[in-house]
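What follows is a set of notes on a single structure, which appears directly below.
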Amino acid sequence: MRRLALTAVLLLWGGTVLAIGVDPPLPDPAQEARAQALAREVRCLVCQNQSIADSSADLAGDLRRLIRAHVVAGDSDAAIRAFLVARYGDWVLLKPPFEPETLLLWLGPALLLGLGGVVLWRRQRRPGPPPAAPLTPDEQARLAALLDPDRP
Amino acid sequence: MIAELGQFLLVLAFGVAVLQGTVPLVAAMRRHAGGMALAGSAAVLQFLLVAGAFACLVHAYVTSDFSVANVYHNSHSLKPMLYKITGVWGNHEGSLVLWALMLTLFGAAVALFGGALPASFRARALAVQGLIGSGFLAFMLFTSNPFARLDPAPLEGQGLNPLLQDPGLAFHPPFLYLGYVGVSIAFSFAVAALLEGRVEPSWARWVRPWTLAAWSSLTVGITGGSWWAYYELGWGGFWFWDPVENASLMPWLATTALLHSAIVVEKRDTLKSWTILLAILAFSLSLLGTFLVRSGVLTSVHAFANDPARGLFVLCFLAAVSGGALTLFAWRAPRLAPGGLFAPVSREAGLVLNNLLLATLTATVLLGTLYPLGLDAVTGDKISVGPPFFNATVLPLAGILVLALGIGPLLPWKRGDLAGVLARLKFVAVAAALALLVGLWLAGTGPLLSLIAFAAALFMAGGVLSELAQRARLGSLGPAAAWARLRALPRGAWGMTFAHLGLAVTIVGIAAATGFGEERLLQMKPGDRVSLAGYQLTLEGTSRVAGPNYVADRARFLVPGLPAMEPELRRYDAPPMETNEAAIANRPLGDLYVVVGAAAGGTVAVRAYWKPLALWIWGGGLMMALGGLISLSDRRLRIGAPLRRAALPPATVQS
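Written out as structure tokens, the structure is:
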């Protein structure tokens, strides 16, 4: 039944594939906003570094319509992403999923910032040059003489 | 004949570069004055030779000499003259010639204007320049000869990618290359200082004008490229986190950090090894960018020449240049004496924080750009790292940087009083917080991130202006006296203020255009009307027009109070390609931006955007570059350079 609904929606939207990716929006603004947000996170597979929201390629148009159809069918964002990944692999998501393989990617910036902070903190705590030796009585006497206001 | 002359000049230039890269190094070691003096003449000669070769290539393009393979592949006799000339660097081989031209131009400039530098330092720096130049010239001669001939000569060329047939190509690559290559001077100076075995405040003084010039050019290049993408690519974006954009952003971030840390070296004689390291890294990142673009390991709209042999050459060159410099650094840097101490709250500490954040930003962009490559190589998994990743990681770091920027310049050197500075900024902070609250109240659940960005930019601009007011003693003196003090401020101070305000302007532009933009996607018939941000756009009709080397579907929109807007969908013949030509109306509060698709059956597909304050994005970028130029014109830089401390004992080297 779901599949049938999907096909129907696809057929309904199927008529207009246009060069600049203008497709009729969904009637429900909330659903349309969801579909557009999703489209911005999905890579156009035949383009060079464009999301399907920005691309004018035919495939991008097909994927946009597919996403709209899934949104109308009531799928959650996660389910739609999972569907796309099952079809095209992680490559299709412009936002890489958070998993063991991408741990270093996602945590890298914070790690580097922390590491830099620790290095700086330790540098700051590192003792500077040793304090100058205290003045000998001789030197103190000379200093006192120099500072003496009554000296001519 | 002219092409052969060009190639001959390149071979000669290569020979001169090899001489320049070797003889002065040995001479500087043996203190041989004649050998060291050779560096200057060689640098000037190398520039003249490369300039001659460049002129030969331009000649081949202007006369449409299709017997030259490079011209055949990238030009067409019907192309307008401007694009024939700019087409010279709109391809791999030609862009390398332009790169070499800029590199030798900088080398010659150091030779001509660097008379005040100590002889051995100058010889060593120019020798490093010569080594870089010989690498690039060898790359050209052995893997990408711009003057290769075709026999028989074709009658007509294949044309230039239509996206590149734009005035943008005239300014974007030259400025970008000027920036990339200008950083090589900082690199050469750093390596020369390591060879000399000492870094003094005077070193920072010498390197500063070159770094400023390179940084300003890079800023103009990136800003121009972003503006070009905005109006030409036809979907209204201004930054795509494309690998090649990242390749230009990384050296920019590193050079920005270098500019700031060099100030600490100059004023306080500390952070020396870090600054040297930054200079090496900044140029390495420039080279890495070249490698990424030229090798085709990353897909990108910019990668117009993909060839594994070339990639391998650049990779080896990168390894040799960065690896060599970093080895030298590891060997010599521990000998650099640590300089003055400073408290955790001080101007120095603020600049260290700036460097920490900028370095983390650079590393983040590098990580995001290279991670897919690394993962693919290690596990074979293919992932994409796109705008969502960069926005999520770069924006928080940039946010901290912006807040720190509002405070940092108010801190005094050595030891500062954070509470005092914050007390001075309390009005600014309250104003920024109020602005955020009012924004939240007005926009409701609107774009929160943009509102925060507005407040942060306001706070930062307030901090920058407070610093200026403090310098003028606006509080204690009268307006007239304060005005006199302002006018007497060194240009460097004005440059800093301008550049920092430019950043605030750019942030406001980005936040407004991304957070408060409007977009309409629809199909229109003649007579249909769409309303956008208070403007009424009526489609009058569509027509087919012929350009010099394309045919276009043009739509005409009437907007009350504005000239008609005429976006086009162009179809080029050579090479066959469709491009969108957006119609943009710049209004004081933002841009109206209209793109059309193919006209079919009386209707036309229309994408119309309202991009509030879009011009601020690039206006701020130009302000930053202008700030760099103002700072560059500071008299202290010109007079300061000759005041080298020749009598300083070599006590800074501990051996």
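Same order as they appear, the protein sequences are chains A and B.
Residue numbers for the first sequence follow the numbering used here, so the first one is 1 and each next one is one higher.
Residue numbers for the second sequence follow the numbering used here, so the first one is 1001 and each next one is one higher.
All C-beta atoms, glycine included, are put in the ideal place defined by N, C-alpha and C.
Predicted model only: the values in this text are computed from it and were never measured.
Range of the contiguous beta strand (DSSP E) that encloses residue i
{"i": "MET1029 (chain B)", "result": "Per DSSP, MET1029 (chain B) belongs to no beta strand (DSSP E); it is in the alpha helix (DSSP H), 1002 to 1030."}
{"i": "GLY1130 (chain B)", "result": "No beta strand (DSSP E) holds GLY1130 (chain B); the alpha helix (DSSP H) holding it covers 1119 to 1143."}
{"i": "ALA1552 (chain B)", "result": "1550 to 1558"}
{"i": "ASP138 (chain A)", "result": "ASP138 (chain A) -> not in any beta strand (DSSP E); alpha helix (DSSP H) instead, spanning 137 to 147."}
{"i": "ALA1583 (chain B)", "result": "1583 to 1587"}
{"i": "ALA1392 (chain B)", "result": "Careful: ALA1392 (chain B) lies outside any beta strand (DSSP E), inside the alpha helix (DSSP H) at 1387 to 1407."}
{"i": "LEU1539 (chain B)", "result": "1535 to 1546"}
{"i": "ARG1571 (chain B)", "result": "1568 to 1572"}
Burial state of residue i (16 or more Cβ within 10 Å)
{"i": "GLN140 (chain A)", "result": "exposed"}
{"i": "MET1524 (chain B)", "result": "buried"}
{"i": "ASP28 (chain A)", "result": "exposed"}
{"i": "ASN1074 (chain B)", "result": "buried"}
{"i": "ASN1586 (chain B)", "result": "exposed"}
{"i": "ALA133 (chain A)", "result": "exposed"}
{"i": "ALA1192 (chain B)", "result": "buried"}
{"i": "LEU1233 (chain B)", "result": "buried"}
{"i": "ARG64 (chain A)", "result": "buried"}
{"i": "TRP1441 (chain B)", "result": "exposed"}
{"i": "ARG43 (chain A)", "result": "buried"}
{"i": "VAL1604 (chain B)", "result": "buried"}
{"i": "GLY1634 (chain B)", "result": "Note on identity: in this sequence residue 1634 (chain B) is Asp, with Gly being the wrong assignment. Buried, because 16 or more other Cβ atoms sit within 10 Å of the Cβ of ASP1634 (chain B)."}
{"i": "GLY61 (chain A)", "result": "buried"}
{"i": "ARG123 (chain A)", "result": "exposed"}
{"i": "ASP1242 (chain B)", "result": "buried"}
{"i": "LYS1272 (chain B)", "result": "buried"}
{"i": "VAL1068 (chain B)", "result": "buried"}
{"i": "TRP1203 (chain B)", "result": "buried"}
{"i": "PRO1588 (chain B)", "result": "exposed"}
Where the alpha helix (DSSP H) through residue i begins and ends
{"i": "THR1255 (chain B)", "result": "1243 to 1268"}
{"i": "TRP1616 (chain B)", "result": "1614 to 1632"}
{"i": "THR1379 (chain B)", "result": "1347 to 1379"}
{"i": "VAL1222 (chain B)", "result": "Correcting the residue identity first, residue 1222 (chain B) is Ile in this sequence and not Val. Per DSSP, ILE1222 (chain B) belongs to the alpha helix (DSSP H) from 1201 to 1232."}
{"i": "LEU1678 (chain B)", "result": "Since the first and last residues shown for chain B are 1001 and 1655, residue 1678 (chain B) lies out of range."}
{"i": "SER1450 (chain B)", "result": "1448 to 1472"}
{"i": "VAL1062 (chain B)", "result": "1033 to 1062"}
Backbone CA spacing between residue i and residue j [nearest angstrom]
{"i": "VAL1016 (chain B)", "j": "ALA1127 (chain B)", "result": "11 angstroms"}
{"i": "SER1144 (chain B)", "j": "TRP1099 (chain B)", "result": "13 angstroms"}
{"i": "GLN1020 (chain B)", "j": "PHE1121 (chain B)", "result": "14 angstroms"}
{"i": "VAL119 (chain A)", "j": "TRP1616 (chain B)", "result": "38 angstroms"}
{"i": "LEU1105 (chain B)", "j": "LEU1045 (chain B)", "result": "10 angstroms"}
{"i": "PRO1167 (chain B)", "j": "PRO1174 (chain B)", "result": "12 angstroms"}
{"i": "ILE52 (chain A)", "j": "PHE1389 (chain B)", "result": "17 angstroms"}
{"i": "THR1270 (chain B)", "j": "VAL1505 (chain B)", "result": "32 angstroms"}
{"i": "SER76 (chain A)", "j": "LYS1079 (chain B)", "result": "51 angstroms"}
{"i": "GLY1399 (chain B)", "j": "ALA1457 (chain B)", "result": "9 angstroms"}
{"i": "GLY1221 (chain B)", "j": "SER1631 (chain B)", "result": "19 angstroms"}
{"i": "GLY1462 (chain B)", "j": "VAL1321 (chain B)", "result": "43 angstroms"}
{"i": "LEU1253 (chain B)", "j": "GLY1495 (chain B)", "result": "18 angstroms"}
{"i": "LYS95 (chain A)", "j": "GLY1386 (chain B)", "result": "6 angstroms"}
{"i": "LEU1082 (chain B)", "j": "ALA1039 (chain B)", "result": "37 angstroms"}
{"i": "ASP148 (chain A)", "j": "LEU1259 (chain B)", "result": "48 angstroms"}
{"i": "LEU1474 (chain B)", "j": "MET1460 (chain B)", "result": "19 angstroms"}
{"i": "PHE1516 (chain B)", "j": "GLY1509 (chain B)", "result": "10 angstroms"}
{"i": "LEU1477 (chain B)", "j": "ALA1582 (chain B)", "result": "53 angstroms"}
{"i": "LEU1057 (chain B)", "j": "MET1140 (chain B)", "result": "13 angstroms"}
{"i": "THR1255 (chain B)", "j": "THR1275 (chain B)", "result": "10 angstroms"}
{"i": "PHE1342 (chain B)", "j": "LEU143 (chain A)", "result": "28 angstroms"}
{"i": "GLY1006 (chain B)", "j": "TYR88 (chain A)", "result": "49 angstroms"}
{"i": "MET1036 (chain B)", "j": "LEU1451 (chain B)", "result": "58 angstroms"}
{"i": "VAL1207 (chain B)", "j": "LEU1249 (chain B)", "result": "21 angstroms"}
Integer Cβ distance of residue i from residue j, believed to fall under 8 angstroms
{"i": "THR1542 (chain B)", "j": "ASP1553 (chain B)", "result": "6 angstroms"}
{"i": "GLY196 (chain A)", "j": "LEU1367 (chain B)", "result": "Residue 196 (chain A) is absent from the model: chain A starts at 1 and stops at 152."}
{"i": "PRO1560 (chain B)", "j": "GLN1536 (chain B)", "result": "6 angstroms"}
Contact test: residue i Cβ vs the ligand COA heavy atom, cutoff 7 angstroms
{"i": "VAL1505 (chain B)", "result": "With respect to small molecules bound, the structure shown includes none, and the ligand COA cannot be examined in it."}
- Task: Check whether the segment 1026 to 1039 of chain B touches the segment 1086 to 1099 of chain B, taking contact to mean three or more Cβ pairs, one atom from each stretch, closer than 8 angstroms.
- Result: no
- Touching or not, the segment 1484 to 1503 of chain B and the segment 1419 to 1435 of chain B, by the rule of three or more beta carbon pairs under 8 angstroms? no
- Decide yes or no for the touch test of the segment 1268 to 1287 of chain B against the segment 1199 to 1216 of chain B: beta carbon pairs closer than 8 angstroms, at least 3 of them. Counting Cβ pairs under 8 angstroms, three or more are found: they touch.
- Could you tell me whether the segment 1344 to 1353 of chain B touches the segment 1405 to 1412 of chain B, using the rule of 3 or more Cβ pairs below 8 angstroms? yes
- Check whether the segment 1196 to 1204 of chain B touches the segment 1593 to 1601 of chain B, counting contact only when three or more Cβ pairs, one atom from each stretch, lie closer than 8 angstroms. no
- Item | At least three beta-carbon pairs within less than 8 angstroms, the segment 1326 to 1344 of chain B to the segment 1149 to 1166 of chain B | The segment 1326 to 1344 of chain B is not in contact with the segment 1149 to 1166 of chain B.
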